[in-house]
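See structure below.
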Amino acid sequence: MRPFAGRPLRMVFGSASMIIIAGCIAISYLSFNVWSYVDNLSVAKQGQQEYLSAQLEIEYLKLQDAIDDVEAGGEPYLDELRKRFDIFYSRTLPLRQGSGAGQFSPDLMKLKVVLDTQLPLIDGSDEKLLAGLDDLRRALYSVRTLPRSIGLDFMSFVAKNSEAERDRTVGLIEVLIVSVTAMIVIFMGLIIGLLRQAKSLQDATQAAASRDARLSATRRGALDGIIVCDRDAKIVDFSNSAEELFGHTRQEALGKKFYDLLLPPNEREIFLDAMKNYAQTGETTFADRGRIEINALHRDGHVFPAEVGSSLEDTETDFFFVCYMRDITEQEAQKAELVASRDNALSNSRERSRFFAMMSHEMRTPLNGILSALQMLEGSPLSKAQKSYLAAALTSGDILLGHINDVLAIERAEKSETPEPTPCDIATLTDSLVATLQHLARDNETVIELEQSQTQDRWFMTDPRGIQQIIVNLLSNAIKFTPGGAVKLALNYVPDTGTLHLDVTDTGIGIAEEDQHRIFEDFISLDSSYERRTSGTGLGLGIVQRFVNTMGGQITCASTLGEGTHFHVELPMVEASPDQLPKPEGQQPFESTQHKQHLLVVDDNEINRDLLGAMLERLGHEVSYAIGGQQAIDMAAETQFDAILMDVSMPEISGTQATRQIRSRPGINQNTHIIAVTAHALPSEREAFRAAGMNGFLAKPINLRELDRCLVAHEVCASSQIPSDQGADIPVLDDNQVAELLEVIGRDGYAARIEKLRAQLTTDLAALEDAQSVRDIQAHAHSMAGACGMLGAKRLHRLLQTIEAACKIGKADDARRQIENVPAAIKASLTAWDIVLKS
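So the sequence shown is numbered by our numbering: it starts at 23 and just counts up by one.
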């Protein structure tokens, strides 16, 4: 619950009231005291005492005179004497009983004693009084100084006492004045506070009225319907937009249950559950949770989709739900239309990819036959001229294949498919490409100049196809637009930065400045003069830019209309290590380094099937043939093969369908590697091949090097070929891989990884030795093989692969026998690593 806003004000006024009450009590007390002090200053009583003290001496003298009169006149004056004695005596009595008697009581007592001794004489007979008159005179003479002394002392006492009384009264009056002033200040503060509070209340009232007016105007003008409900879900406010949205008037809606009036029956239970949950837990599942979509009920009975945003307004005594609702029927229709458009676009994209793949297959298949036949001819005895013609034919075939790949290259580049770097002699490749394009230059009367620096006798790990695409497209563009001119290709490799600079400069017609930003777009021809002079797809420079970006480089263009154009390309390069270089021409480059394999070639095209078989036989393998998917399935059920090379596009049963059937049927070739041989080059197609169970991929047209590399990479041994000894003929470490790792991550990084693997191998070996099921053995062997292989433990890696392969084909006993060799292989690997790190 929210705190009450007026509570601090109440506390202030309560405290002020307590102070005022206490102040009033204090003022009343002080006033009473002042009044009492003033009242105590009894002027009559104080005046009597002052009079008596002043008359005491006078009465004493009169008493002396009365004695003298008696002595002179005799008995007639005795009554006057007695009268004067009584008066003098009576004057001392009030003084003895007064407030200041204590200060001069000795004198009064002495005077009283003397007078008391004379009382018998005064009260006696006349004769006795006359006889004792001298004694009376002597007695009175003994106290002759006391009346004056008592009078003076009493007057001094009265003066001091009056002054003290005045001081005390002044103090009380001062306190009273301060208290009254303080009360006046407090009253004034309260009055000011009350005036301010009244002003604030007036302003708040006006602001509330203004806010209510604005809210009312907002509710009336809001496009969303606004509905306010109380704790019982009764509608307490219903805006104009809500009336239009639901068809109910405000009077009809007020007091009705929200869910009964505005929700269809199937939605009401959900709302009721949410209300119950809030009543029980205080947590809302729908308010202040953003916009949600529900189905709403119109007055005419039709249900429509609505978007609802709700908030909870919790006051001190109650709470309300404020709902903002809008009809999203139109938005839903637009969304459905957008989804349909997206689906159509995706469908069109898939159809485009399918078209590219089919065109690739239809054009590559005959080209595969041509290039394969030329490659077979390459190994035959030929004259120097014939070898020159053959080299030209092969280069032209590669260029023709590159033209076919132009459109497919866009698809591959857009899917960010980065090819595996392979060794490339860029200088030789460039010489070959320039020689091939000389005929185009001659036809256009264009002179090609080639300049290379720091590229000769160097091999680089890069994408040869990308380099070829970049050079061919830039040169062919420059030749086409430089009739009768000159084109210069300059290559410069900078070893310090590992960068290859490639410049193509022509003296052609140039490119207008406003068009230079468009030349890398696809299907762009700049003007009609280009179209009349040249022909093409307009994809060349777009493909160049894609390959440059894929290889991590950059390309720029500078041109002056009528003077020529200059393209500058920078590509990062990594020089190939000696062990990465291909074998020299004097050796047998196409001899397989592995043992002889029994392979099955599946293709419905007789030319392609025979050429592929001839290439495999030249590599020293035994080859069987199947002319379609069904025959491949039948042969795989009867004969053990080391690998199956499966064409993908075949009638009736395709290569992927045949692969699935071979994988799904228990048999001798269920786990045999199946390599897809096809012209399909799209990444999505390759994923489909893997999903079907294929292990590798060969793209048509096929050359011997790629074929041999694929077979080496994917060779597996049948159960009868699992070696029993993995130690003698396999090196402990792969020296080339170790050298690469030391170069890439450094000696410290390599040592750190070895130490981490050393601890991991101890745990993994125990798990491998304790594993009971074939699946557990396979899993542990696979995990250990990956870690060891990455760090160059060749012998241990091969041993673990053998254990894993035995598990895959169900040879659990063979796997367990090989596990016995693992500790020794681990020890040999760790020893070899220690030697490497210490050297």
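All C-beta atoms in this analysis are idealised placements derived from N, C-alpha and C, irrespective of residue type, glycine included.
Close-in-space but distant-in-sequence residues of the same chain around residue i (CB under 7 angstroms, 5 per side omitted)
i	result
I41	I208
F341	R253, L334, E335
Y111	L137
L787	V844, P845, I848
G36	none
S53	L198
I292	none
The beta strand (DSSP E) enclosing residue i, as first and last residue numbers
i	result
H523	521-528
T484	482-484
M668	665-669
G586	586-594
D798	From DSSP, D798 is part of no beta strand (DSSP E) but of the alpha helix (DSSP H) over 796-812.
Presumed contact (8 angstroms Cβ cut-off) between residue i and residue j, rounded CB distance
i	j	result
Y99	D91	4 angstroms
G530	G507	6 angstroms
L524	I492	7 angstroms
L667	L634	7 angstroms
A680	I697	Going by Cβ atoms, the distance from A680 to I697 rounds to 13 angstroms, so no, they are not a contact pair.
A807	L822	4 angstroms
S851	A815	4 angstroms
F326	D349	6 angstroms
T477	L513	5 angstroms
P445	Q602	5 angstroms
I248	S261	4 angstroms
Terminal residues of the alpha helix (DSSP H) in which residue i lies
i	result
G718	Element bounds for G718: not the alpha helix (DSSP H) but the beta strand (DSSP E), 718-721.
D465	448-465
R252	Sequence inspection shows Asp at residue 252; the Arg mentioned does not correspond to that position. Per DSSP, D252 belongs to no alpha helix (DSSP H) and is neither H nor E.
R682	677-686
S861	Where S861 is concerned, there is no enclosing alpha helix (DSSP H), given that its DSSP letter is neither H nor E.
L303	Before going on, a small fix: residue 303 reads as Thr here, not Leu. From DSSP, the alpha helix (DSSP H) with T303 extends over 287-303.
K150	148-153
Y281	280-284
I7	The displayed coordinates of the chain run from 23 to 861. Any statement about residue 7 would go beyond what the structure contains.
Residues that residue i bridges to, as DSSP identifies them
i	result
H620	E644
Q474	L513
A713	BP columns for A713 are empty, so no partner.
G247	M347
L496	DSSP, once it has assigned bridges, lists no residue as partnering L496.
P327	N317
Q576	E592
A698	M668, F719
D259	V250
V136	None, per the DSSP bridge assignment.
V469	A508
E597	F482
Outcome for residue i when other beta-carbon atoms lying within 10 angstroms are tallied against a minimum of 16
i	result
F482	buried
P600	exposed
I799	buried
E628	exposed
M573	buried
R862	No answer is possible for residue 862: the residues shown for the chain start at 23 and end at 861.
G193	exposed
W57	exposed
Y515	buried
P287	exposed
M672	buried
L404	exposed
E79	buried
A328	buried
S862	This structure gives no information on residue 862, because the portion of the chain shown stretches from 23 to 861.
Y864	This structure cannot settle anything about residue 864, because the visible part of the chain is limited to 23 through 861.
Cβ shell of residue i (< 8 angstroms), same chain only, five flanking positions each side left out
i	result
K618	G642, H643, E644
P505	N466, E467, T468, G530, R555
N495	G562, L563, I565, V566
T521	Y515, E592, L593, P594, M595
Cut-off 6 angstroms between Cβ atoms - residues of its own chain near residue i, not counting five sequence neighbours on either side
i	result
A415	L396
I776	W855
E81	I109, F110, R113
V796	C829, A834
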